[in-house]
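Novice:
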Amino acid sequence: MTRSSLLLIFATIVSLLFLALSPAAAFDHSYAAFTAVLKQHVKGPRFDYAALKSDPKGIENYLTSLAAVKESEFNGWNEKQQIAFLANLYNAATLKLVIDHYPVKSIKDIGGVFSGPWKQKVVDLFGSKTTLDHIEHGLLRVNYSEPRVHFAVNCASVGCPNLRAEAFQADKLDSQLDEQARVFLSDKTRNRVEGGTLYLSSIFDWFGGDFTKKGSLAEFVAPYFPEADRAAIKGGKLKMKFTDYDWSLNKS
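Numbered per the numbering used here, the sequence shown finishes at 279, counting up by one with no gaps.
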């Protein structure tokens, strides 16, 4: 085999490797575009929907970039990359859904009587339209043993865990999810120990099974509570009640 033939074979192999790897390499797993939108419009526990509605290009372009991801590419990512992608997609699609109907008093005002906002096919994913319900309940909750995703996805409501002012990223997903859980569980309007009772958000009632796969619900939440409350929670002597969920729009 001649030297030129060897060089041709080598060049062909390199080209094939480049074609195989370039889509994944080109995808921005830092989600810088979404972080830019969030930093501009997240106002503490609230969100400035009016401002985003007046200039929606950032969120629209970002959603377009996610829609371009093929399922085969997604399947080649690791678990944390997949979770970050889906959580960011859910949150971005929710923001777009709200501004498309803004002003509204609650996200529950969007959609029909029997469909509601979460069953509307408003999300472009892997070449077809899907729903927010499918992303949360058909993918995130089913495919990954990660109960902390409940603190990552935001349903545009006051009762929901706060929308984070940065996109989720695989390389720091654990710390981001832990911080989300800690911030949510330290919010005494939704979770608290009071008068011998452990009051928890209705999220822990609706999705209790997600939090108790490795122990009791009290054991799951205790590490995220303020240190002064942890011993009482772990002791198992507290009554448990679930607080009412506030579906008011989390607008600033």
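For glycine and all other residues, C-beta sits at the position ideal for the given N, C-alpha and C.
(1) Quick check: PRO188 and ILE126, are their CB atoms within less than 8 Å of each other?
(2) Ignoring anything shorter than 3 residues or poking outside the stretch 127-175, list the beta strand (DSSP E) runs there in chain order.
(3) Among TYR251, ILE260, ASP214, LYS278, which has the Cα closest to the Cα of THR270?
(4) If you draw a straight line from the alpha carbon of LEU48 to that of TRP104, how long is it in whole angstroms?
(5) Whole angstroms is fine: what's the gap from ARG73's alpha carbon to GLY85's?
(6) Looking at the structure shown, is SER49 part of a helix, part of a strand, or coil, going by DSSP?
(7) In its own chain, which residues sit with a C-beta less than 8 Å from the C-beta of ALA51, not counting the 5 before and 5 after it?
(8) Is LEU265 helix, strand or coil by DSSP?
(9) What is the rounded straight-line gap between the Cα of ARG257 and the Cα of LEU244?
(10) Can you grab the Cα-Cα spacing for the pair LYS134 / ASP198, in whole Å?
(11) Would you identify the three-state DSSP class for THR91, choosing helix, strand or coil?
(12) Please report the Cβ distance between ALA120 and VAL149, rounded to the nearest whole angstrom; I am assuming they are in contact, meaning their Cβ atoms lie under 8 Å.
(13) Rounding to the nearest angstrom, what Cα-Cα distance links PHE247 and PHE238 in this structure?
(14) How would you call SER228, buried or exposed, if buried means at least 16 neighbouring beta carbons within 10 angstroms?
(15) How long is the line joining the alpha carbons of PHE195 and GLY222, rounded to whole angstroms?
(16) From the DSSP output, in three-state form, read off TYR226 for me.
(17) When you compare only the Cα positions, how much space is there between TYR226 and ALA183?
(18) Could you tell me if TRP233 is buried or exposed, where buried requires 16 or more neighbouring beta carbons within 10 angstroms of its beta carbon?
Specialist: On the basis of the supplied data:
(1) Taking 8 Å as the cut-off, the Cβ atoms of PRO188 and ILE126 do not count as close.
(2) Fully enclosed beta strand (DSSP E) runs of 3 or longer: 148-152, 155-158.
(3) Among TYR251, ILE260, ASP214, LYS278, the Cα nearest to that of THR270 is on ASP214.
(4) Because the pLDDT of LEU48 is 48, which lies under 50, any placement of that residue in the model is unreliable, and the number read from its coordinates should be weighed accordingly. So the alpha carbons of these two residues sit roughly 12 Å apart.
(5) Near 19 Å, if we compare the C-alpha coordinates of GLY85 and ARG73.
(6) For SER49, the pLDDT reaches just 47, beneath the cut-off of 50, and the residue's location in the model is therefore unreliable, leaving the point undetermined.
(7) Residue confidence is low: ALA51 scores 45 on pLDDT, short of 50, so the model does not pin down where it sits. No coordinate-derived value is stated.
(8) It is coil, neither helix nor strand.
(9) Between ARG257 and LEU244, the alpha-carbon positions lie close to 13 Å from each other.
(10) Rather than Lys, the amino acid found at residue 134 in this sequence is Ile. Taking the straight line from one Cα to the other gives about 31 Å.
(11) THR91 falls in the helix class under three-state DSSP.
(12) Indeed, because the Cβ distance is near 6 Å, the residues count as touching under 8 Å.
(13) Approximately 7 Å between the Cα atoms of the pair.
(14) Under the 10 Å beta carbon count, SER228 is surrounded by 16 or more other beta carbons and is classified as buried.
(15) Whole-angstrom Cα-Cα distance: 37 Å.
(16) Strand, per DSSP.
(17) Straight-line Cα distance between these residues: approximately 22 Å.
(18) By the 10 Å Cβ count, TRP233 comes out exposed.
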